[in-house]
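Top to bottom, those sequences are chains A and B.
If you count by this note's numbering, then the first sequence holds residues 1480 to 2078, one letter each, in order.
If you count by this note's numbering, then the second sequence holds residues 47 to 265, one letter each, in order.
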Amino acid sequence: MPLITSSKTQPSYDLIVVGSGAAGGQTAYTAVMEGAKVLMLEAGRNYVPESETPMFQNNSNAPLRGASTPDKPFGFYDSTIDGGWEVPGEPYTSASDDPERKFWWWRARMMGGRTNHWGRISLRNGPYDFKPRSRDGLGFDWPLNYEDLAPYYDKTEMLVGVFGDNHGLENTPDSPAGCLQPPPAMRAGEQLVRARGKKLGLPVIPIHRAVLTQKQDADVLPKKIHPNNPRAQRLLADAMRARAACFWATPCGRGCSIRANYQSTTVHLPPALASGNLDIVPNAMAREVTTDANGKATGVVYIDKTTGQEHRVRGKVIVLAASSAESVRIMLNSKSARFPRGIANSNGLVGKYIMDTVGARLTGQIPLLENIALNEDGAGGGHTYIPWWLYKEQLAGKLDFARGYHIEFQTGRHMPSMGTASGMDAYSRGSYGKKFKEDARRYYGSVVGFAGRGDMIPNDDSFCDLDPVVKDKWGIPVLRFHWKWSEHETRQAKHMQDTFAQIIDALGGRLLMKPEADGAKAIEPGGKIIHEVGGTIMGADPRKSVTNQWCQTWEVKNLFITDGGPFCSNADKNPTLTIMALAWRATDWMLAEMKKGNL
Amino acid sequence: MNAPDLPLPPRRLDRRTAIKWVMTATAAMSVLDHAAFAAAAPAAGAAKGYGTDPDLMKAWKPGEAWPLTFTASQRATAVALCDVILPADEKGPAASTVGTHDFIDEWISAPYPGHAADRKTILDGFTWLDAEAQKRFRKAFTALDARQQAAICDDVCHLPEAKPEHRQGAQFFRRFRDLAAGGYYTTPEGMKDIGYTGNVALEKYEGPPPEVLRKLGIA
Ligand SMILES: Cc1cc2nc3c(=O)[nH]c(=O)nc-3n(C[C@H](O)[C@H](O)[C@H](O)COP(=O)(O)OP(=O)(O)OC[C@H]3O[C@@H](n4cnc5c(N)ncnc54)[C@H](O)[C@@H]3O)c2cc1C
Ligand code: SF4
């Protein structure tokens, strides 16, 4: 079974999966490897990283030297297709005009979704992150423990390939031997931050990113990942052999034609398609889940964007993996006599408790890093980070906010872009001519940018519902967002600013921007960090949640949501590794339930 | 994706510039200002952008995505000023020899929001520059010798120190210098000039050598 058009779909499937990103990719992969017949619907066009990735192009080959535009908001060579903060013909709205209460929604309409250009930072949630309410009385506990998910973190790391190492730090889990790829050497600036950070008590350690620093062991890993399934082992081994290790050049956000980093399109979909159990219809915009008189899901209605025609497909189990907010939208639009408020939404909680990550940033110029001639391309993104280091102080009530953050930072001499030598008059006192060229060489690569990424606690004011008026170009009602940060987040953002200023000072650097004293001003708007989760939260009580711990909706036994929707808290750890691990666990359980005849 | 490099201090933070370091592969460290896109007026004529799914594999040249709009004399002024700001030296060629002025033409002719403002800044700046050259030396800027050109540029090269009568010129000069630097340092010659040695596939990534660590005091 392959990439097909609408006219070629089978009369029925075991699973219909909506979306082909991290969640859809993992769900379909897990299911087809176990022999289930799966139809995947993807709203975007097909995308082929091997031939479409502008690996070595330098910015002078791009219009506007690759600078961002509304057509390509993260720059010309960013791999996002038909996406960004706005998607043509597919609006979303905001309930408030107040900029602080707006939610920013980043989407990509392409095979593989946002996994083609994500940052690849892949951190495990720790034990505290699953039981936040038990720890500090705020938000919700997950209906599962770290130990429940740990085996799936192991498998996901082995499958996608994640570099990093273990430091035994609080709530920053170690991975068992054999899971992680070796971390890359630290860049000069990263080592400097590590050395100077010590005085401030900051642990600067290798970050975990989904990049292969060496080829995967195709003789060992498939057997660990799929014990007792020789066919899956063979398919995966072939797929692993087709991936190369990182060659230490070309930014990962463009995608990776040699398949050295994780994209659904280079990691999940090739072996899944090779299994013969997966059909994918691209350009298929799912509108609603259909149900029968008993309230069971029967299939999906979608618009074929190539023809504008409506199609209906049937499946025994329906999995929404369209990204958390989009899955909410599909559910709210799936109205019937049985579910007048949208499918599986009798308690009105679909769309509630959406979350993003707290973000704030500060940059400094570091004289010690001037004039260091090195090739620092490395593995695309950062090689190091600073996990949250104040758990004890926070628990002891010494901080005025409840949850932690980690620090990502960027150093090094990257491929020149429009930003490389601009605004330099701030330190070059207006030089031009030969002096300017000397200054450019001197300051190039001497700037360090710090970005905090913090835990957000779900709140009643952050949710989405259907806009009563606005529809997209296919006539489908669109989402309306409501947003508010609490003081736990804004105070955390203020703490980030103070910390970054201290680090820049410890580096002997000068600030390039004033640290913001007001956390409400320092914090990035909701959605800007593009870690949107929640909206179909999981829980132990059907009255207070939308799904159980298996991402199965309480009300419709054969309807699952495997994207970030079921997250009932949003730890500082970037969400995607957890999305994949949860999707894998949910799909294993779903297949077992199907076998038992329970769905 | 791209580097933090040298972002501007906050008040002058140019969004298009700032976005470059946002694009670190570390995640969405976004400073993209949506409002900046929404508020600015559309630019040069009815030209269209390259769309949301452009060909990333081909080598684009200024003028291909939308027409260039410099007049012959504007182009000549751009060439002259590019080379005053980024002249040839032992590390690299003069900026105009690698097409920096064509890039600036592409930039100010672009149909995207924000570019209209740059268009006005740059074209008004050319007018100001020629008027100033006429006033001081009775010649066009392009006809001045190096010393005469420097006499004007020295008055406008540093905005915070510019006299009130030179403020407009200084604002123009700062923007032009940023654009010229972006245009030049992104070319293969410019990348070599600034000391970028990456974008080549390597067997191994070794990290900094001992002498660099010693210099940093962490060996
Ligand atoms: C620049 C950037 C950097 C990031 N960095 C990181 C990082 O470092 N670490 C991290 O953990 N996360 C990061 N993220 C977030 C990460 O990309 C997401 O968490 C992840 O992709 C979510 O997976 P998903 O499958 O839920 O959604 P997506 O990857 O967005 O996939 C959803 C897919 O569903 C399709 N779809 C949507 N609606 C429909 C419909 N109605 N019918 C059919 N198909 C539909 C979409 O077209 C899309 O292809 C980053 C994101 C961005 C944009
Ligand atoms: S840095 Fe490595 S993993 Fe990232 S795109 Fe380049 S080769 Fe691929």
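Glycine included, C-beta positions come from ideal geometry on N, C-alpha and C.
These figures come from a predicted structure and were not determined experimentally.
Checking the DSSP bridge columns, you'll see Val-1927 of chain A partnered with A:Gly-1843.
For Phe-1979 of chain A, no Cβ of chain B is located within less than 8 angstroms of the residue's own Cβ. Nearest CB-CB separation between Lys-137 of chain B and chain A: below the 8 angstroms threshold. Those residues of the stretch 1847-1872 of chain A placed with their C-beta closer than 9 angstroms to a C-beta in chain B are Leu-1847, Leu-1848, Asn-1850, Ile-1851, Ala-1852, Leu-1853, Asn-1854, Glu-1855, Asp-1856, Gly-1857, Ala-1858, Gly-1859, Gly-1860, Gly-1861, His-1862, Tyr-1864, ordered along the chain. Per DSSP, reduced to three states, the secondary structure at Arg-1791 of chain A is strand.
Annotation: Gly-1554 of chain A is outside any alpha helix (DSSP H) and is labelled neither H nor E by DSSP.
Residue pairing by DSSP places Pro-1956 of chain A opposite A:Lys-1950 in a beta bridge. In the DSSP assignment, Gln-1889 of chain A is bridged to A:Gly-1928. Along the stretch 218-236 of chain B, going in chain order, the ones with a CB nearer than 7 angstroms to a CB of chain A are Arg-220, Arg-223, Asp-224, Ala-227, Gly-228, Gly-229, Tyr-231, Thr-232, Thr-233, Pro-234, Gly-236.
By the neighbour-count definition (other C-beta atoms within 10 Å, threshold 16), Gly-1643 of chain A is a buried residue. In this structure the stretch 1892-1908 of chain A does not touch the stretch 2010-2026 of chain A; the number of beta carbon pairs closer than 8 angstroms is below three. Residue side-chain check: Ile-1686 of chain A keeps its Cβ at 7 angstroms or more from all non-hydrogen atoms of ligand 2. Sorting B:His-204, B:Ala-156, B:Arg-165, B:Tyr-230 by C-alpha distance to the C-alpha of Gly-95 of chain B places B:Ala-156 at the top. The beta carbon of Asn-1538 of chain A sits no closer than 7 angstroms to any heavy atom of ligand 2. It is roughly 18 angstroms from the alpha-carbon of Gly-97 of chain B to the alpha-carbon of Ile-154 of chain B.
Under the Cβ criterion of 8 angstroms, Gly-215 of chain B is not counted among the residues facing chain A.
A contact is defined here as three or more CB-CB pairs under 8 angstroms, and the stretch 1663-1681 of chain A meets this definition with respect to the stretch 1844-1857 of chain A. Contact of Gly-1500 of chain A with chain B is not assigned, every C-beta pair being separated by 8 angstroms or more. Interface annotation, Met-2059 of chain A: not in contact with chain B, CB-CB separation never under 8 angstroms.
Taken atom to atom, the span from the alpha-carbon of Gly-1859 of chain A to that of Asn-1645 of chain A is near 21 angstroms. Sorting A:Pro-1682, A:Asp-1696, A:Ala-1667, A:Ala-1718 by C-alpha distance to the C-alpha of Arg-260 of chain B places A:Ala-1667 at the top. Per DSSP, Gly-2014 of chain A is one residue of the beta strand (DSSP E) stretching across 2012-2014. Restricting attention to B:Ala-93, B:Ala-134, B:Pro-100, the CA atom closest to the CA of Gly-236 of chain B is found in B:Ala-134.
The alpha-carbon separation between Trp-1953 of chain A and Ile-1809 of chain A amounts to approximately 13 angstroms. Look at Asn-1812 of chain A here: in three-state DSSP terms it is coil, with no helix or strand label. Taking every protein chain shown into account, the CB of Gly-1523 of chain A has 16 or more other CB atoms within 10 angstroms, so this residue is buried. Less than 8 angstroms divides the Cβ of Gly-228 of chain B from the Cβ of Arg-1544 of chain A. For Lys-1831 of chain A, the enclosing beta strand (DSSP E) begins and ends at 1831-1834. Under DSSP, Gly-1933 of chain A shares a beta bridge with A:Val-1837, A:Tyr-1884. Between Met-1519 of chain A and Ile-1759 of chain A a beta carbon distance of about 4 angstroms is seen, short of the 8 angstroms cut, so the two are scored as contacting. Taken in chain order, the unbroken stretches of beta strand (DSSP E) that lie wholly in the stretch 1496-1534 of chain A and span 3 residues or more are 1517-1520. For Val-130 of chain B, a Cβ of chain A is located within less than 8 angstroms of the residue's own Cβ. At least one CB of chain B lies nearer than 8 angstroms to the CB of Ile-1560 of chain A.
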